[in-house]
Each structure stands twice: as C-alpha cells, then as structure tokens.
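Student:
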Amino acid sequence: MANSKSASKRVEIGERNRLRNQAMKSRIKTIVKKVLIALEAKDAEGAKVALSVAYKELDKAVTKGVLKKNTVSRKKARLAAQVNAL
C-alpha cells in the first residue's frame with residue numbers, strides 16, 4: 022500500500038502503463054501470427070503485406086518503450102528471412 026499521495030499516483034500510472042504495454046504486445050503477437058499464417062499458406066504477396074504491417078507495429082513498440090531495439094531487430098530479421106525464403 023502506498024504511504025503518500027505521490028506514491029499512490031505512481032501506482033496508478035504504473036498500472037495504466039502495464040495495461041498499455043500488454044495491449045501493444047498482444048497486438049504485435051497477433052500481427053506476427055498473420056505473417057506466419059500467410060507463410061504457411063505459401064501466400065507470398067499476403068506475407069509481404071503482413072510483414073510491412075508487422076514492421077510498422079514493431080517499430081512503434083520501440084519508440085513507445087514497450088520492446089527493446091535489439092529484440093525488435095531480431096524479430097524483424099527472422100520474419101524477413103522466412104518471407105524471403107518463400
């Protein structure tokens with residue numbers, strides 16, 4: 022339990038940020054899954070479109086501080102390698 026007014030405000034802010042981060046991570050997982058589904062279906066054009074959407078969301082996650090830069094770089098590289106192999 023927070024002992025001061027400012028500490029209780031920080032608890033509220035932390036909870037709000039946690040929910041925002043959780044929503045963004047969930048959205049990223051869904052978008053990455055769409056790329057993988059397109060890859061399984063051997064849909065090269067659909068995979069490229071989904072990949073560009075995934076790039077945008079992943080980059081946004083870095084600027085918002087949800088994911089680290091190297092994590093996003095690794096995810097983008099692995100997805101691109103799979104799409105290019107198709």
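If you count the sequence shown from 1, position 40 lands on 61 in my numbering, and the numbers rise without skipping. Every residue, glycine too, gets a C-beta built ideally from N, C-alpha and C. Remember, it's a predicted structure, so these values are computed and weren't measured experimentally.
How is G86 classed by DSSP in three states: helix, strand or coil?
Tutor: The answer is coil: DSSP assigns G86 none of H, G, I, E or B.
Student: What's the call for I34, buried or exposed, on a 16-neighbour Cβ count within 10 Å?
Tutor: When all chains shown are included, I34 counts as exposed.
Student: What's the gap between the Cα of K30 and the Cα of E78?
Tutor: Straight-line Cα distance between these residues: approximately 29 Å.
Student: Does the distance from the CB of A59 to the CB of A75 come in under 8 Å?
Tutor: No, these two residues do not count as a Cβ contact at 8 Å.
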